[in-house]
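Here's the structure, in structure tokens; my notes come after.
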Amino acid sequence: MCSGGKYCVLLFLLQSSLSDPATTNQVVLLDTTTVLGELDWKTYPVNGWDAITEMDEQNRPIHTFQVCHVMEPNQNNWLRSGWIQRQAAQRVYVELRFTLRDCNSIPWVSGTCKETFNLFYLQRDEPLPAGTRFRPTDYAKVDTIAADESFTQTDLGDRVLRLNTEVREVGPVTQKGFYLAFQDVGACIALVSVKVFYKRCPPTVRNLAAFPDTVPHMDSLVEVRGSCVENAEERETPKLYCGADGDWLVPLGRCVCSAGHEEGGDGYCEACKPGFFKAYAGNHKCSICPLHSSSHDQAGTICHCEKGFYRAIQDSSTTACTRPPSAPRNLVSLINDTALILQWMPPHDSGGRKDITYNIFCQRCDGSADISGIIQCEPCEPDLRFIPRPLGLTGTSVAILDFAMHVSYTFHVEAVNGVSALGVAARPLVNVTVNTHHAGPALVGEVRKDSASHNSIALSWSQVEQPPSNIVDYEVKYYEKAQERLSYSSTRTKAPSVVITGLRPSTVYVFHVRAHTADGYTTYSPNFEFSTAAEDPDVADQGQVLVVVTASVGGFSLLVILTLFLLITGRCQGYIKARMKSEEKRRTRFHSGHVPFSGIKTYVDPDTYEDPTQAVEEFTKEIDSSCIGIDRVIGAGEFGEVCRGRLHTPGRMDITVAIKTLRAGQGEQQRREFLREASILGQFSSSNIIRLEGVVTKSRPVMIVVEYMENGALDSFLRSHDGQFTVLQLVGMMRGVAVGMTYLSDMGYIHRDLAARNILVDENLACKVSDFGMSRVLEDEGEEAYTATGGKIPIRWTAPESIAYGKFSTASDVWSYGIVMWEVMSYGERPYWEMSNQDVILSIEEGYRLPAPVGCPVTLHQLMLHSWQKEASQRPRFSNVLSFLDKLIVNPSSLMEDVQSFSESPDDLPDYPLFISIGDWLDSIKMCQYKNNFLAAGYTTLDSISTMSMDDIRRIGICLLGHQRRIISSIQSLRLQLHHIQQSGFQV
């Protein structure tokens, strides 16, 4: 200790006070540990505070102030700093480091000893003049400073002193500067250092935006707008808020690195390295150059294509560079009848692109050569027709029509892609030369119209030259001019004349004639147009009377003959009988307009034709493949893909269609099976049967074109819209199916595969029957059944007699319709759930029938059960079903009653212990969110809820249909459980 009751602060203690660095968000206004000269602080009185200056090991001054007049009463010693400029600060902080001795450790000390001192400040715009008298009343008190740690005499002996650090806020400061003052009232203190500072938000970079040094405000955040760093672009205005403690808060907005630059690890944008590029501004990384391109400099925004490689105009800068394709391969030509077919293989090198198309160029060479020996060629005649077109082909074949005879054609086939126009001028071609001599000369001269009526035209023609071989017959092809060759008819004759009948009155027809010789067919003659006469009303009436009388007499005669024949010969053999009926149907029913004596159109089985392709020609319309555009593949069928596309018909708006295609490589048998469905579908005309638009059989691929149904199959449509329809809407869907099946049954037709998956739904929710692959004709047997000869049977939808004996009838279709009703009401659930097919068969034989779906009205379930009668004769007819549904729709109140009868087989339903709580029960079915609904309505036990109906479920506030169904299904299970317990003699 120093003399006079004061103590000396040890040098090691002072050195320790210099060890803490300043923080980055502080601006220091004063730090006594860094002042090299005198501080020139004032003391009042002069002998109050002592200023002591020592030198540290680096010969730097250490300034301390100490006071210790604890033995004398009534102390009031002041120490005042020099004038401190506040700079930009609005409030400042004073950090004091000091030691303080415990009064109890000082012997003989009086009661005036203190362990605190006071901090004051005075604001001034300029320093006080020299000699100004010190007035304590001018100073504002900041706080009383107390020590957390004090030392004793023993601590001095052990060279251990406890240093205190206290920070106080001073402000607001509004004038240019201020003074600090320290008041001692009787303590033993050593003021080791004084640091005065204010806080600021330091410069920073956030989200690629730079923010400057910012001084916070006293009572609010300071909004600071940043500026994007170099090589960055602003996406949203970058902002930060400077807080009072010098912290940056609430980052908003952002910048992104410009094209050719990516974000580096230090928050700045760096240039892309050579071999990399970045085409667009953003925070994504630079990418390596695509194939066959490179960048040689830094900050590349695009990679330039290598020599011989290009990018098309529509290609983005991020795609690989490509080149034109090589020439097509293996070009061959075929002549069949009047068509010349070119076929080729794609080029070996596609150039790296998928947009390859082909162009066909034609030259006609007459065989003569010029002086230099080069054969003279000229462009082909403009009448030459290419099907589908000569330029821009996506396929690898083309048909050429209307070519001349005895001519040598040279065809050049070129493969091009999106960059061919950018490549070399000379494009690789593949050539083929075709001589048309062997196609046969044109043997038919001018075609004349000899006469015409309202429904027929008589034609004749002559030969223009001596035929090289005998003419076998002539083929006449004709079509309505307005149809633009979308469909046509043909007939044959051995004489050079023919009478075409069955035409429409006042209609222009186009005729072509060609000869058939021993060497093959010749080309068709040029087009000849002739029109039929207008229809005479009187003649038409007489014709109708004559047809009716003839049909009546013929029908009565046939009936008498058949009756006598049966009486005499008895029952005919099955095979002969079947052949007679099939032939009779095919000839009398179809060729007489499919209208028997009952006036109902009758279905004709395509299998009764010796050549099934005749059924396709008679019942379907041929469509030119150029009228069909395919958009995308939407599924796969048994024979090929199913596509969505457009059908263009001249004079009509394009319509969206579904297109079934025959997969390439299929044999003739598969082709016939594929077209068989079209020959069936082409006989139907009902708003609830899928409509056939036509077929494509004259080109590849073979196609069946039907109307497009926007919502797809009924079962998947219902599953994706579970619970979203009213019962009346569901009944409307059932009615659409019933209308279609009533039409089919009236035509004498059995579907055999009626199921929701084979019902299609359009955008208006109209349901239409489709998929006639398994269907068969309804024979005129007493049982009206078709006997299956093999193949897969859909067990879950099939009647028991069909499963057991392979017999199908309209009644078996009614059984299947009942299953469809169940699928509709259950929103596409799988019939019989997870039961195996064998279990389904055994259960049906034992009398089990599907229970009503949750929420299904009683009347609809009764109709299902009626459709599932074991005896086929007891099932309703489709006309009865349709009539019943119409009555329900007219009187919808009959649909409001929910099913009250439940499954008689509870084994598949979960059991619930009768002692569990309502909450446990709801947890088990994952409906615990409705616990309060049940308790608030008074349902506190499982016994109490067992009597609840669907109306009760709705009444307690459960509105979602799916949740209603799950809860009522669980209640049904519980009710059955209680019923079985009571039957067993137990009391619940």
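Under mature numbering (1 follows the signal peptide of the UniProt record, and there is no 0), the letters of the sequence shown match residues -19 to -1, 1 to 969, in that order.
Quick reminder that beta carbons are idealized off the backbone N, C-alpha and C, glycines included.
query: From His387, Thr503, Gln279, Phe492, residue whose alpha carbon lies closest to that of Gln444; result: Thr503
query: Environment of Gly836 [buried if 16+ CB atoms lie within 10 Å]; result: buried
query: Beta-bridge partners of Cys253, as assigned by DSSP; result: According to DSSP, which records beta bridges pairwise, Cys253 is partnered with nothing at all.
query: Paired residues, beta bridge with Met684 - DSSP; result: Thr642, Val677
query: Gly234 to Glu204 span [Cα, whole Å]; result: 13 Å
query: DSSP state of Glu150 mapped onto helix, strand, coil; result: strand
query: Gly717 - DSSP class collapsed to helix/strand/coil; result: helix
query: Cβ neighbour criterion (16 or more within 10 Å) applied to Trp902; result: buried
query: Contact check, Val862 vs Ala719, beta carbons under 9 Å; result: yes
query: Nearest residue (CA-CA) to Val712, options Phe655, His702, Met806, Asp794; result: Met806
query: Three-pair Cβ contact test at 8 Å for the region 428 to 438 versus the region 324 to 335; result: no
query: N-terminal and C-terminal residue of the beta strand (DSSP E) that Glu456 is part of; result: 452 to 461
query: Contact set for Glu613: own chain, Cβ-Cβ below 7 Å, skip 5 residues either direction; result: Reading off the sequence shown, one finds Arg at residue 613, where the question assumed Glu. Closer than 7 Å at Cβ, skipping near neighbours: Cys624, Arg625.
query: Cutoff 8 Å; reference Ile784; Cβ partners in own chain excluding five residues on either side; result: Ile774, Ile776, Ile822
query: C-alpha gap between Glu217 and Cys236, whole angstroms; result: 7 Å
query: Where Ile43 falls: helix, strand or coil (DSSP); result: strand
query: Whether Phe511 touches Lys458 by CB criterion (9 Å); result: no
query: Lys122 burial status per 10 Å Cβ neighbour count (16 or more: buried); result: exposed
query: His265 classed as buried or exposed, judged by whether at least 16 other C-beta atoms fall within 10 angstroms; result: exposed
query: Whole-angstrom distance between Leu662 and Tyr689, CA atom to CA atom; result: 15 Å
query: Neighbourhood of Thr282 by C-beta, 7 Å cutoff - its chain only, sequence neighbours within 5 removed; result: Ala240, Gly241, Phe258, Lys259, Ala260
query: CB of Leu161 within 9 Å of CB of Ile87, strictly; result: no
query: Cβ neighbour criterion (16 or more within 10 Å) applied to Ile294; result: exposed
query: Residue burial classification, Gly551 (beta-carbon count within 10 angstroms, cutoff 16); result: Here the model assigns Gly551 a pLDDT of 42, short of 50, so the residue's position is not dependable and the matter cannot be decided.
query: Local conformation of Ala293 per DSSP, three classes; result: coil
query: Own chain, CB closer than 7 Å to Leu410, minus 5 neighbours either side, in chain order; result: Ala308, His393, Val394, Glu395
query: Sequence-distant residues of the same chain with beta carbon closer than 7 Å to Ile949, five excluded per side; result: Val835, Met931, Ile934
query: Residue(s) in a DSSP beta bridge with Cys837; result: Bridge partners of Cys837: none, in fact.
query: C-alpha distance - Gly256 paired with Gly289, whole-angstrom precision; result: 19 Å
query: Enclosing beta strand (DSSP E) for Ser441 [first to last residue]; result: 438 to 444
query: Residue span of the beta strand (DSSP E) that contains Gly234, given as start and end; result: 229 to 238
query: Counted within 10 angstroms of its Cβ, other Cβ atoms place Glu658 as buried (16 or more) or exposed; result: buried
query: Backbone CA spacing between Thr118 and His198 [nearest angstrom]; result: 29 Å
query: Bridge-paired residues (DSSP) for Glu214; result: Val237
query: Beta-carbon proximity of Arg345 to Ala380, cut-off 9 Å; result: no
query: C-alpha gap between Thr195 and Asp124, whole angstroms; result: 28 Å
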